[in-house]
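Just below is one structure, and these are the notes that go with it.
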Amino acid sequence: MDVRVVISDPKSGKAYQVAVKDSTKLLGRRIGDVIEGDAFGMPGFKLKITGGSDKEGFPMRADLPGSRRRKILLTGGVGYHPDVPGCRRRKSIQGRDISQSVGQINVKVVDYASRPVEEVLGVSAPAEAKK
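Below, the structure written as structure tokens:
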């Protein structure tokens with residue numbers, strides 16, 4: 006199961022996208038869980054799952070239990086942002102548990118290792134613009 010993982014670094018304000026081939030360690034986890042960075046090739050780091058979406062692009066919602074997609078009546082929050090206050094709409098939303106149908110997982114770094122995130126992921130720092 007191929008999963009894209011978007012890793013956000015609160016210190017630098019940058020996000021990095023990593024493709025994970027073997028994501029069996031993530032199955033059954035849910036939004037809000039803190040996991041070890043070993044699953045993403047980041048030993049020593051701790052990452053918190055903050056959200057995601059399924060393979061068709063429907064967002065995951067932290068207050069919806071289960072791992073399947075459902076149509077629920079929303080007044081706001083993840084998946085629906087009404088233009089007029091008080092509007093409600095029935096939308097398809099993915100549950101908070103990670104399953105085979107999840108295509109992207111969003112995580113943020115909560116505990117750092119001795120090396121910086123860019124170095125661990127193998128991303129080079131952007132060259133400074135010439136003056």
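In case it helps, the numbering used here puts the sequence shown at residues 6 to 136. Built from N, CA and C at the ideal position, the CB exists for glycine as well.
Collapsed DSSP secondary structure at residue i in the structure displayed
| i | result |
| --- | --- |
| D43 | helix |
Same chain only: Cβ atoms within 8 Å of residue i, ignoring 5 sequence neighbours per side
| i | result |
| --- | --- |
| F50 | E41, G42, V114, D116, Y117, A118, V122, V125 |
| G100 | M65, R66, L69, P70, G71, S72, R73, R74, R75 |
| A20 | V11, I12, S13, D14 |
Option nearest residue i by Cα separation, candidates the options
| i | options | result |
| --- | --- | --- |
| R34 | N111, V128, G127 | N111 |
| V10 | K16, G18, S28 | S28 |
heavy atom of the ligand NAD below 7 Å from residue i C-beta
| i | result |
| --- | --- |
| G91 | For the ligand NAD, the structure offers nothing, since it holds no ligand at all. |
Residues of its chain near residue i, where Cβ-Cβ distance is below 6 Å and the 5 sequence neighbours each way are ignored
| i | result |
| --- | --- |
| S97 | F63, R74, K76 |
| K30 | A44 |
C-alpha distance - residue i paired with residue j, whole-angstrom precision
| i | j | result |
| --- | --- | --- |
| V39 | H86 | 28 Å |
| V83 | V128 | 30 Å |
| R95 | K26 | 34 Å |
| I54 | Q109 | 11 Å |
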